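Numbering (full-length UniProt numbering), first residue to last: 2 to 252.
The beta-carbon is built from N, C-alpha and C at its ideal position, and this holds for glycine as well.
Remember, predicted model here, so these are calculated numbers, not experimental data.
In what follows, a single structure is set out as structure tokens and then discussed.
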Ligand code: PEP
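Below, the structure is given as structure tokens:
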């Protein structure tokens with residue numbers, strides 16, 4: 002198997018005020034060489050904090066990402082933010098197609114695919130999220146759903162260097178519930194096969210993250226699963242101590 006350097010990315014969602022930047026300092030102070038060698042570290046704060054977080058994080062070799070972007074570069078889209086704006090503020094990546102965006106804002110695979118292309122246009126890495134709902138898992142359609150989302154949300158130009166895929170079962174997000182290691186292994190093996198089929202060596206080298214209730218106590222088990230190349234972390238990324246606890250699993 003190829004050696005893929007894992008990525009551990011924190012998604013702050015709609016949490017964080019200026020005072021929360023202290024968590025970036027605490028994260029930077031707590032990162033040791035073992036963690037840095039083992040994994041790339043990223044925080045995706047709310048858009049209001051991207052510039053300040055990027056200014057702080059560069060000194061700690063922590064990358065900063067956005068949580069969403071519009072498909073267009075600029076224009077009459079009140080309240081939206083473009084990938085170019087995120088890049089200008091110091092972000093190097095952006096999450097697209099998070100299940101909360103798909104649910105709260107009705108984002109289709111087609112929209113997510115165009116957002117990923119917008120990310121690349123601005124020079125950002127696209128972190129594309131996929132994952133089944135509880136009903137879909139119970140119906141036995143997990144692989145169908147993930148396969149359809151991969152086909153529809155991942156653009157033709159996807160490469161290992163510009164794209165990260167995050168498998169996030171919707172029922173595991175923010176619930177404390179996690180799939181078994183075997184279930185994660187099944188989905189990640191499936192995603193790897195689909196991506197390698199479509200993008201050859203680039204698909205084989207693309208980072209595949211697991212996301213959904215990752216915390217210090219379960220990180221070691223989840224990140225050890227075959228074809229899991231890191232984690233996308235929500236709740237446990239808000240406090241540097243928790244996030245460091247997850248990163249410690251990589252040492
Ligand atoms: C997420 O929403 O990306 C996520 C993984 O959230 P949590 O870790 O809180 O389940």
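Beta-carbon proximity of residue i to residue j, cut-off 7 Å
i: residue 28; j: residue 167; result: no
i: residue 113; j: residue 95; result: no
i: residue 92; j: residue 65; result: yes
i: residue 85; j: residue 74; result: yes
i: residue 130; j: residue 99; result: yes
i: residue 8; j: residue 231; result: yes
i: residue 11; j: residue 234; result: yes
i: residue 141; j: residue 173; result: no
i: residue 164; j: residue 116; result: no
i: residue 146; j: residue 133; result: yes
i: residue 118; j: residue 180; result: no
Same chain only: Cβ atoms within 7 Å of residue i, ignoring 5 sequence neighbours per side
i: residue 243; result: 216, 217 and 237
i: residue 2; result: Because residue 2 sits at a pLDDT of 49, beneath the cut-off of 50, its placement in the model cannot be relied upon, and the point is left open.
i: residue 57; result: 22, 25 and 26
i: residue 62; result: 37
Cβ-heavy atom distance, residue i to the ligand PEP, below 6 Å
i: residue 1; result: Summary: the structure shown does not reach residue 1, with the chain confined to residues 2 through 252, and so no result is reported for it.
i: residue 29; result: no
i: residue 219; result: no
i: residue 12; result: yes
i: residue 66; result: no
i: residue 248; result: no
i: residue 212; result: yes
i: residue 229; result: no
i: residue 22; result: no
i: residue 235; result: yes
Contacting residues, own chain, Cβ-Cβ under 6 Å from residue i (five flanking each side not counted)
i: residue 193; result: 228
i: residue 160; result: 203
i: residue 69; result: 102
i: residue 246; result: 217
i: residue 154; result: 98, 110, 113, 114 and 129
Presumed contact (8 Å Cβ cut-off) between residue i and residue j, rounded CB distance
i: residue 162; j: residue 195; result: Not quite, the Cβ-Cβ distance comes to about 19 Å (not below 8 Å), so this is no contact.
Cβ-based neighbour list, residue i, same chain, cut-off 8 Å, excluding 5 preceding and 5 following
i: residue 35; result: 251 and 252
i: residue 51; result: 65, 67, 87, 90, 91 and 92
Residue i CB to nearest heavy atom of the ligand ZN below 6 Å
i: residue 185; result: For the structure depicted, the ligand ZN is absent and the ligand set comprises only the ligand PEP.
(message) Threshold first: 3 residues or longer. Then list the beta strand (DSSP E) segments lying entirely within the segment 100-144, N to C.
(response) 126-131
(request) Let me know the alpha helix (DSSP H) ranges lying completely inside the segment 181-249, each 4 residues or longer, listed in chain order. (result) 182-206, 217-224 and 241-248
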